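Worksheet: the structure to be examined is printed underneath.
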Amino acid sequence: LEKRVLGNVKYYDDITVTHTDEKYMRDHYHLGDKGEQYFIHNYPKAPEKIEMSFDLTEYQPMLKEAKSTKKAAPRVFQTIFLDKKGSQHMWTREKINRSSILLEKWWRQFAHTWSHFLFTVPLLRFIQGGECGNVLFAGAYTLFNTHELACVSGLAAAERLGAVYPHGDDVNATKTINMYTFVSHGALREGQGGCIARWLVWMWGW
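Just so it is clear: in the sequence shown, position 125 is 126 by our numbering, and no numbers are missing.
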C-alpha cells in the first residue's frame, strides 16, 4: 500500500522567476491596482495548463511598507513556469525583460493532479506508522503543495512521536494542525472532538 500511495505522487521540474517587469505582467495578466496578489495565465492552445504569478509587493511586509510610504521602489513579481517537460514550448518566460530579473530558481515539486487527491491524500492515513509501525510521513506532498503545510505536517508527526506542539495558544494554528492530523493521520489530537468525531476516526483512521 505504501508503494501505491506514495508512488502516485507526480513530480515536475519548474522554474520561478523573480522580476520587476510590470509591462510583462500587464501583457499577460489583468494587473490591477487594488491589492491583487495572485494571477493565472492559461495557454490558448492548452487551456488546462497554466502559468502563475504573484505580486510580492502586496504581501511581503518590507515591500508593503515601501509601497505605503511611497518610496521609489518597483513592484516585485514572481512568475512560476510549470512542467518543463510538458509545457516549456509554451512558456512566456523569454518575454520577461532580462534586465528586470532578480532571481531564477529551478525546483522540483509535486503536481495537484486529480489522482493525487483521489489516491494519495485520502489513503495516506492508512500508511502512517509504516509497515513496521515506526514510520510517519510528512511533507507538502501529503496534502497541498505549500510551505506552510509542509511545516504543519512535520509538527504533526513530531507531536505523534511525543513532542509538545509549540503553538497551542494560537487559535488559527491549532485549527490547522487539528485538520491536518485528522486528514493525514486519521487521528484526533488530545482534547479534540466529541463522541461522533472519535467514532469517525475509529472507522477511518488507525
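A virtual CB, placed ideally from N, CA and C, is assigned to each residue, including glycine. Because the structure is a prediction, the values reported are computed rather than measured.
- The C-alpha of H168 lies about 15 Å from the C-alpha of R161.
- The beta carbons of N179 and R190 sit closer together than 8 Å.
- A direct Cα-Cα distance of roughly 12 Å separates Q38 from T80.
- In the DSSP assignment, R109 falls within the unbroken beta strand (DSSP E) covering 102-111.
- By the 16-neighbour rule on beta-carbons within 10 angstroms, R126 is buried.
- Pairing I97 with Y25 gives a Cβ-Cβ distance under 8 Å.
- The residue from H90, V165, S101 with its alpha-carbon nearest to that of K46 is H90.
- In terms of Cβ geometry, P75 and T21 form a close pair [threshold 8 Å].
- Under DSSP, F40 takes part in a beta bridge, and its partners are S54.
- Rounded to the nearest angstrom, the gap between the Cα atoms of Y60 and L156 is 25 Å.
- Residues of the same chain with a CB within less than 6 Å of the CB of N43, apart from the 5 flanking positions on each side, are I51 in chain order.
- The three-state secondary structure of I16, taken from DSSP, is strand.
- Counting only residues of its own chain and dropping the five nearest sequence neighbours on each side, A139 has a CB closer than 8 Å to the CB of A151, S154, G155, A157, A158.
- Under the DSSP assignment, F183 falls in the alpha helix (DSSP H) whose first and last residues are 172-186.
- Residue burial annotation: I128 is buried, with at least 16 other C-beta atoms found within 10 angstroms of its C-beta.
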